[in-house]
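Here is the structure we will look at, set down as structure tokens.
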Amino acid sequence: MKQFFIFLLLSLGLCNTSLFAQKKSTKVYIAEVSIPKVLPGPQLKRRNDEITFQAKNKINNLLDLFTTLTSNSLTESERSSVIQNSYLPNQNQIFYNDAVVVEDDIDPKHTTSENTSELAVDRYLRDMDLFYSKADTVSIKFTQIITSPVQDGKEYIYIKVFFTSVFNGRHTQFKIPYQPIHRIAELKAELVEGKWRTYITRLAFLRSGEGLTELSRPIIKNEFGPKKSLDSKPVSFLQDDNTSDSVMVKWDVQWLTIVKSTLEMIPVGSYQRSNSSTKALNSISITLAKDDQKLTFKRLDGTQIGFSQIIVKDPKINDPDIDDLEDINRLSRKYRIKGWGQIAAGLLALGVSYAGYTSLQTSYNDYTAKLSNINSEYAIWQTMTQQSGGGISTPMTFSEYARPGIYAVYGGGVVGSGLIINGIRHLLKAGRLKR
């Protein structure tokens, strides 16, 4: 009987171990890329140098605007005129138009893109005028100003400027001191009367990964990919440290395809399954782990960006292209079958464990009863013969008597409970899919 319990425990343990091993397995997909190289001729270099020069000047003009609005030298009408001239067509124009959105850093609690508010440029500048303390000396400065290479976008030419913004003043409503923050300005370049001019189209906090390394923009080779499109459903993942960026992917046992990406550094295209976690030269990779709940993108320079799968309660919202009812019912049936199967196996394990415990307890009761009878007879014999002998025998405790079979009983109870809990979890998943 004891050998049977030990065999049952080992069998159930091996089954659970194989299931956990499957869940924790990782998949690595690799794509070969080509990095576009622009060989600038004399005219292109001259154009880029001029756009870079104009962009730096525009950032200096932005600093001058901030200094003007935070000084005591202007009247209210003059401040209003300065604000309007910053985005209306004129010689002092800084922003592209009044529709430009700025991530607010006037509130000292706003220090990253995760905890800020997006304001129209007019509102942003008027908030600075209202809530930032006025002074006769300069209290705002920009440091570590770095420009990106000029980029030829799909719609227009643009350039990015990275800088650190330092507010030495104070907010009129909050006592929280300002901290130096990293900002990014994106500027559109246009030819105006034969001369290059730049205007700010975006002013925001610097996001993770939005540095100069992203500008390489790797492109997956066209000939690289499966012969036909993947039939699997697209799944969305959010970036771990910046929930405003995401990727949408589809995958099977051989290929993974990025359908959509909000990050330029992660190109759309196909990635092939690899048996090795090492990355070949000029290649990028995608790794799926933790039951496909975690996605990691490895860039050309070896740095990594983590994503987590978006859990949607109603699968119909996640993918409008699937056959909703049929797919949901199929997945629900799969969860129910798996759930009830695990519950049945768990109940069986608990039943066998209980039967084993009962058998051991009965055997122990018989043992203690027999030992008690022997001790009684021994005591009578000593009294009648008046012989001095050893003392009566002390019975073993239950745990001492039941070893090693008791370990199989306890182990079977633990394994059975684990199977029942996993089964209930699968039934709950099936119930959520039905809602």
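Going by my numbering, the sequence shown wraps up at 1601, each residue one higher than the last. Glycine included, each C-beta is placed from N, C-alpha and C at the ideal position.
Taking all protein chains shown into account, G1435 has 16 or more neighbouring C-beta atoms within 10 Å of its C-beta and is therefore buried. Sequence-distant partners of E1376 (beyond 5 residues in either direction) whose C-beta falls short of 8 Å from its own C-beta, in its chain, are I1350.
Between D1215 and P1208, the alpha-carbon positions lie close to 11 Å from each other. By the criterion of a C-beta distance shorter than 7 Å, K1595 is surrounded in its chain by Y1501, once the five residues flanking it on both sides are discounted. Distance from L1404 to S1412 at the Cβ level is roughly 5 Å; contact confirmed, criterion being Cβ atoms closer than 8 Å.
Just so you know, the alpha carbons of V1518 and S1565 end up roughly 19 Å apart. Closest in C-alpha terms to I1509, from the list G1579, P1400, T1192, comes G1579. Between G1507 and G1391, the CB-CB gap reaches or exceeds 9 Å.
Among the bridge pairs identified by DSSP, G1435 is matched with I1424. A direct Cα-to-Cα measurement between I1366 and I1260 gives close to 6 Å.
Taken through DSSP and simplified to helix, strand or coil, M1414 comes out as strand.
Using a 10 angstroms sphere on the CB of A1197, the tally of other CB atoms reaches 16 or more, which defines it as buried. Between the beta-carbon of I1325 and that of A1355 there is about 6 Å, and that keeps the pair under the 8 Å contact cut. Rounded to the nearest whole angstrom, the CA to CA distance from G1512 to A1574 is 15 Å.
Under the three-state reduction of DSSP, T1469 is assigned to coil, being neither helix nor strand.
Under the three-state reduction of DSSP output, F1219 falls in the helix class. The C-alpha of I1503 is placed about 54 Å away from the C-alpha of D1273.
Below 8 Å, too few C-beta pairs join the stretch 1240-1258 and the stretch 1320-1335 to call them touching: fewer than three.
Membership of L1296 in the alpha helix (DSSP H) is indicated by the continuous run 1287-1297.
With contacts defined as CB atoms closer than 9 Å, T1277 and I1347 qualify as a contacting pair.
Secondary structure remark: continuous alpha helix (DSSP H) runs of at least 4 residues inside the stretch 1233-1311, in chain order: 1242-1251, 1287-1297.
Minimum Cα-Cα distance from V1327 among the listed residues Q1257, I1312, D1288 corresponds to I1312. Less than 9 Å divides the Cβ of P1384 from the Cβ of I1450. The closest CA to that of K1341, considering only K1275, T1364, L1516, T1309, is found on K1275.
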